[in-house]
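For what it's worth, my numbering labels the leading residue of the sequence shown as 315, then goes sequentially.
We put the CB at the ideal spot given by N, CA and C, even for glycine.
The structure under discussion appears below in the form of C-alpha cells.
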Amino acid sequence: MTEKAPVGFEAILSGDAVSFETHVGPLFRKIDVPANHAVWGFRAEPHHCNPYGMLHGGMAVALVDTMMGSLVFHTIDGAPCATISLNTEFLAAAKTGDWVEGRAEMLRQGRSVCFVRADLFVGEKRIMTASGAWAIIGTK
C-alpha cells in the first residue's frame, strides 16, 4: 500500500528513536495551518484495520490523542503535558486505502489544563469527533 499523502502534508518523523508514531504510522501533518490548530492524517493500511477491512477504532483514537497532545505541546512551547480526559464518538467507518484526516483546535489554554477538540474525516465525511483535556505537568 502507498504511503502517499495529499499535497501540503509532510511525514512526521521521530528521528532515530522508536516511538509510538513509528508503530502506528506512517503519520503525516499539514504544513500550513492557523495557530492553535493541527491537521494530521494517514492512509488506512491493512495493519490499521480490523479483519473486515474497516479502520480499527483504536487507530482512530490513537491519531486524535497523538495529534491533540502534539497541538497542546507546541502551543505551550514544549512543556510536558499528558492526556487527562479524552471522549470520542464514532460516526461512520473508514476502510483500507482511505485517507483519514484529523483536524484539531485548541479551545482554551489555562494555567494547568488545556482543552482541545478534533474531528476525523474521510474526504468531507466526518467519521469521528473527539474532545479532551491535557494537564500541563511541567515547564520546558
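*asked:* I'd like the span of the beta strand (DSSP E) that includes V430, first residue to last.
replied: V427 to V436
_Close Cβ partners of F429 (< 6 Å) along its chain, the five nearest in sequence each way excluded_ = L421, R422 and A447
*List the residues that DSSP assigns as beta-bridge partners of G416.*
W354 and L434
*Thinking A406 and I451 are a contact (beta carbons under 8 Å), I'd like their distance in whole angstroms, please.*
Contact between A406 and I451 fails: their C-beta atoms lie close to 35 Å from each other, not under 8 Å.
_Could you check whether M373 and A358 sit closer than 9 Å to each other, using their CB atoms as the reference points?_
yes
_Cut-off 6 Å between Cβ atoms - residues of its own chain near I398, not counting five sequence neighbours on either side_ = A447 and A449
*Answer yes or no: do T380 and V338 have a C-beta to C-beta separation smaller than 9 Å?*
yes
*Can you list, in chain order, the residues of its chain whose CB lies under 7 Å from that of F286, leaving out five sequence neighbours each side?*
Beyond the ends of the chain as shown, which are 315 and 454, falls residue 286; an answer cannot be given.
*On the premise that T410 lies in contact with P360, defined as a C-beta separation below 8 Å, what is that separation, rounded to the nearest angstrom?*
About 6 Å; that satisfies the 8 Å criterion.
*Leaving out five residues before and five after A455 in sequence, what residues of the same chain have Cβ atoms less than 6 Å from its Cβ?*
One cannot answer for residue 455 here, as it falls past the ends of the chain, which runs 315 to 454.
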